[in-house]
Every structure is written in structure tokens, then in C-alpha cells.
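Protein chains in written order, with the numbering used here: chain A, 897 to 1089; chain B, 897 to 1089. Virtual Cβ for every residue (Gly too), placed ideally from N, Cα, C. None of the values given here were measured: they were computed from a predicted structure. Okay, so here's the structure we're looking at.
There are 2 protein chains.
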Amino acid sequence: MGRWEPNARGRLEQAALELYVERGYEQTPVAEITKRAGLTERTFFRHFADKREVLFAGSSMLEELCADAVAAAPATAAPMTAVAAALDAAAGVFEERGELVGLRQSVIDANAELRERELIKLASLSGALADALRERGVDELGACLTAEAAIAVLKVGFRRWIDGDRERPLRPLLAECFDVLRTASAQGAVGAG
Amino acid sequence: MGRWEPNARGRLEQAALELYVERGYEQTPVAEITKRAGLTERTFFRHFADKREVLFAGSSMLEELCADAVAAAPATAAPMTAVAAALDAAAGVFEERGELVGLRQSVIDANAELRERELIKLASLSGALADALRERGVDELGACLTAEAAIAVLKVGFRRWIDGDRERPLRPLLAECFDVLRTASAQGAVGAG
């Protein structure tokens, strides 16, 4: 056991993201991250399995947060209202983390392997949301489609937030995306098939 | 140039998919595929860059087909109606190919790397649909969300079709998914944010 370091995890994350942006993800060894953070490699590996996990450890927490929010929605809430509550909870975390979220996204955008990983994480989040909806008694098709719709809203709203340098808060952006989706769905596909 | 072989591409694809299912994708060398198809490796590599491309060559054609269908939709068609027409065109191809689509999906489901590749192809299809909608004059948010909604419908409807052993035709399944999405969108998220 190493000695206790105040906010070691946060310092490692900040240092890693800065270096991934400055030098590229591939070109940053763990030794450089710990050097900038003023911590040992031993401390790094107590918090993260590898340098990729610095980018994706939050995804699992996000998934849990979202599933919990769906479960906690009032029993009378419609499925889409329940997933909107989940995205609202996620948006709170993103906004709190502010600049770190922007740094992380620019690292991911610059690397094909990381973009693939991000797609897998989003597919996993969709699965978790669908599971949480099924547990509320939502039927199979409704659960899958509502979960996928939430991911669509998250992807598009989040991208707009990042591209606008996070000047506009994320929550109303997500609400606007839900509105656009509702309008688009209402207009189209009537009587298709 | 080798001699002309009738339907060489189709024979190679059929042989490859059968072998990928029987022995596993990783465990099937190109030599086995050409042996079963009664063709040479030279012929294989005239049609496919590698054994993975047997699974994904169709994705690019599908993307083109869908983008063309969006472009060809009547000028008065709503964005969601235009992407529904695209999925309808795609469904026609899937239904024509029948069993091959089922074989392909079982190969992909069994291999993590192929599942990742499939997610990338779906993200690419979403981008192509959004581009086609922008060219119709649809605004940025509407184009992105309608394209993502179409991918949601395609994923969920296609999965249900495959899981039901393709007994129910795909087109009405997709239409049902659009209906469910419309109902879910209408019910939820009103006044969120």
C-alpha cells in the first residue's frame, strides 16, 4: 500500500487527458502521466488497469447512474420520460466535469480505436437502459426502441454541446433533441409498410 | 485475368458464410473457402480484399442504396418518411438474400471484433442518411436525429426479424418499430429541461 495521496485519481486523470491532447494518446506512456501528476506508477495502477481505462472508467459509472435513474422514475412515468430523467442525471455529471469532458472527447475523436470503443460503450448503455425499462414492465419493443432513442438524443445533443464549446448548457440541448425527435417521429412513416 | 466463373462472388460468399458458421470465422482460412466454392484463391482475391470483407462488402452497397432512396423520396416527404423509404429499400435486399443474412448475422454475433465492425458500419450508415437529409434541406438537428432514429428502428426491427428466424417479413416489422417509436416519443419528455 502506497501512502495516501489527496485526489490521486483526479490528478492522474487531468494529467493523462492533457498529455493525450498535447502528444497524442498512442504517444503518451504511463510514466509521463505519473510524472506530470507528481505520483508513482504504482499509484496509477491502483486506480486504472491501463491508460485506456482513464478514458472509459467513467462509462461504467454513467451506465449505473442512468439505469438507477430509470428505476427511480415515478411508476406513472412514460418510458421516454424515464430515459429523459436518466439523460438528465448524466448531463449533470458531464456539466460538473466540464473541461475534462471536452478534453476526453477530443482524444477519442482523434483515434479510430477509441472511437470504436466509445461506440461499444454506447451500445452497452443502450442495453442497460432497455433492461431498466423492462424491469419497469415496458414491453420488449418499447424498451429497445426507447433505449435506442435515448442514445440517439444523447449522441446528437452531446456532440452539439461539445462542438459549441459547452457554452450552452447540456440539459436544454438534450430537451431540444427530444422535442425534435418527437416532431420528426410524428410527421413521418405514417402507414409505412 | 482468370477465366470467367459463373456467379463466382455469390458462390464464394455462400461457401464463406457456411464455413464461418460451421468452424468459426477465425478458424476458416481463405483456402478452405475457395475449396468449397470450387474456385481459386486468385478468384477470391479478385472479389474480396480479405475474408472479413465477405461480411462487410454489402454494407457499403447498403449505404449507397439508402442514401439514394432518401434522395429519391418526393420533395414533400417528411424527413422520417424519407428514411422509412430508405429502410424499405434495405429491407427488400435483406429479404431477397434471405438465409445468407441470417448466416452472416450469426457469424457476427459470435465474434467481438466483428460486432465492433458492425457498430462502425451502422454509425457510418447513420452519417450517410444524415448527409442525404441535409441535401434535402433538413436542418442539422433534424437530420442527425432522424438518421439516428432510423438506425434505431433498423437495429431493433432487424434483430427481431432474425430472432424470429425471418418468419415474419421484415418490412411490416420496421413499420411497427416506427409506430412504437412515434408513440413512445409522443408520450415522453414533454417539458423536459
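Own chain residues within Cβ distance below 8 Å of residue i, not counting five before or after
i       : result
A/G934  : R907
A/E937  : V926, A927 and T930
B/L1077 : A1045, A1048 and V1049
B/G1089 : Because the pLDDT of B/G1089 is 38, which lies under 50, any placement of that residue in the model is unreliable, and the question is left without a value.
For residue j and residue i, believed in contact at Cβ under 8 Å, the rounded distance
i       : j       : result
A/L1021 : A/C962  : 6 Å
B/E959  : B/A1024 : 5 Å
A/A1080 : B/G1038 : 6 Å
B/A912  : B/V979  : Actually they do not touch by this definition, with Cβ atoms about 31 Å apart.
A/E1031 : A/A967  : 7 Å
Per-residue contacts from residue i into chain A (C-beta, under 8 Å)
i       : result
B/P975  : A1080, Q1083 and G1084
B/C1073 : L1037 and L1041
Cβ neighbours of residue i in the same chain (closer than 7 Å, five flanking residues each side left out)
i      : result
A/H943 : A904, R905 and L908
A/Q923 : none
A/A969 : T977, A978 and A981
Chain A residues whose Cβ lies nearer than 7 Å to that of residue i
i       : result
B/K1051 : E1044
B/C1040 : V1052
B/I1016 : E1012 and L1015
DSSP-derived helix/strand/coil call for residue i
i       : result
B/G1033 : coil
A/A980  : helix
A/D1061 : coil
B/D946  : coil
A/Q1083 : helix
A/G906  : helix
A/Q923  : coil
B/P970  : coil
A/L935  : coil
B/L913  : helix
Spatial neighbours of residue i in its chain, beta-carbon cut-off 6 Å, leaving aside the 5 residues before and after
i       : result
A/L1041 : none
A/R1013 : none
Partners in chain B for residue i, counting only beta-carbon separations shorter than 7 Å
i       : result
A/L1077 : L1041, A1045 and S1081
A/A1019 : L1015
A/A1024 : Those do not exist, as A/A1024 stays about 16 Å from chain B at its closest Cβ, beyond 7 Å.
A/A1048 : L1041, E1044, A1045 and A1048
Beta-carbon neighbours of residue i, restricted to chain B and to distances below 8 Å
i      : result
A/A904 : Residues of chain B passing the Cβ test: none, with the nearest at roughly 32 Å.
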